[in-house]
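The structure appears below as structure tokens.
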Amino acid sequence: MQEKNVLGIQIFESNYNIYIKYSNQLFNLLLEYTDVIERFSIDECFLDLTNFLSNNDILENKAIEIKERVKKELGFTVNVGVSTNKLLAKMASDFQKPDRVHTLYENEIPSKMWTLNVSELLMLGRKTIPKLSNMRIRTIGDLAKCSPTFLKKHFKKQGDYFLEASRGIDYSPVVP
6 MQEKNVLGIQ IFESNYNIYI KYSNQLFNLL LEYTDVIERF SIDECFLDLT NFLSNNDILE
66 NKAIEIKERV KKELGFTVNV GVSTNKLLAK MASDFQKPDR VHTLYENEIP SKMWTLNVSE
126 LLMLGRKTIP KLSNMRIRTI GDLAKCSPTF LKKHFKKQGD YFLEASRGID YSPVVP
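When you read off a place in the sequence shown, starting at 1, and then add 5, the result is the number in this note's numbering.
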């Protein structure tokens, strides 16, 4: 990779082949924990460990183990979000970086998720955020407190998604 110096910050040209190589290495490591893995992007996966944990396993401990193995064996860091569905796990993985494990369970939604700016909600479009702001809906908690009728009136069918997502509801399965 060709190195460039800009304002004292090292910038490296992207190399898709290297990204794919490391993405595949990560995927192969994750296969040691479950075969129910959904690739969300080149550097993100969802894992369903429901049927792969023994009675004595604790999900957060398994997440820490995975994070540490990635660092030691593959040489890079990952953030791991732990929860009961993909939406909450993704939100948790974005809380604080790098090299962290975060949880976001149902009882943690008010303190960890509802205080965030509404723009942090997964899958909320750029055009929607100013509309919500104009309606004085600025946090995910503000959105969660809206009535379904109000959201449907202003956002049609998407209003249902906004309400469910803001309340941490996600029924989508992990699809290998």
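Every residue gets a Cβ at the ideal spot worked out from N, C-alpha and C, and that includes glycine.
Quick one: Cα of Phe-81 to Cα of Val-75, how far?
Distance between the alpha carbons of Phe-81 and Val-75: 6 Å.
Between which two residues does the alpha helix (DSSP H) harbouring Ile-4 extend?
No information on residue 4 is available, as it lies outside the stretch 6 to 181 that the chain covers here.
If you draw a straight line from the alpha carbon of Val-179 to that of Asp-147, how long is it in whole angstroms?
Cα to Cα, the separation comes out at about 28 Å.
Short of 7 Å in beta carbon distance, which residues of its chain neighbour Phe-45, apart from the five on each side in sequence? Order them along the chain.
Excluding residues within five positions, the ones whose Cβ falls inside 7 Å are Phe-51.
What number of angstroms, rounded off, separates the C-alpha of Pro-115 from the C-alpha of Leu-64?
For Pro-115 and Leu-64, the distance between alpha carbons rounds to 21 Å.
Are the CB atoms of Val-83 and Leu-31 within a distance shorter than 9 Å?
Against a cut-off of 9 Å, the Cβ pair of Val-83 and Leu-31 comes out as a contact.
In whole angstroms, give me the CA-to-CA distance for Asp-175 and Lys-91.
Taking the straight line from one Cα to the other gives about 7 Å.
Apart from the five residues just before and just after Met-128, which ones in its own chain have a Cβ nearer than 8 Å to its Cβ?
Excluding sequence neighbours, Met-128 sits near Tyr-166, Ala-170.
Taking the alpha carbon of Lys-150 as the reference point, which residue from Lys-161, Val-123, Thr-133, Tyr-27 has its own alpha carbon closest?
Comparing Cα-Cα distances from Lys-150 to each of Lys-161, Val-123, Thr-133, Tyr-27, the minimum goes to Val-123.
Going by the CB atoms, is the gap between Val-41 and Asn-56 shorter than 9 Å?
Result yes, Cβ atoms of Asn-56 and Val-41 sit closer than 9 Å.
Can you tell me which of the three DSSP states Val-179 falls into?
DSSP places Val-179 in coil when its eight states are reduced to three.
Assign Ser-124 to one of three DSSP states: helix, strand, or coil.
Residue state, collapsed to three classes: helix.
According to DSSP, simplified to helix, strand and coil, what is Thr-244?
A query on residue 244 cannot be resolved here, the shown segment of the chain reaching from 6 to 181 and no further.
Roughly how many angstroms separate the alpha carbons of Tyr-24 and Phe-155, rounded to a whole number?
When rounded, the distance between both Cα atoms is 43 Å.
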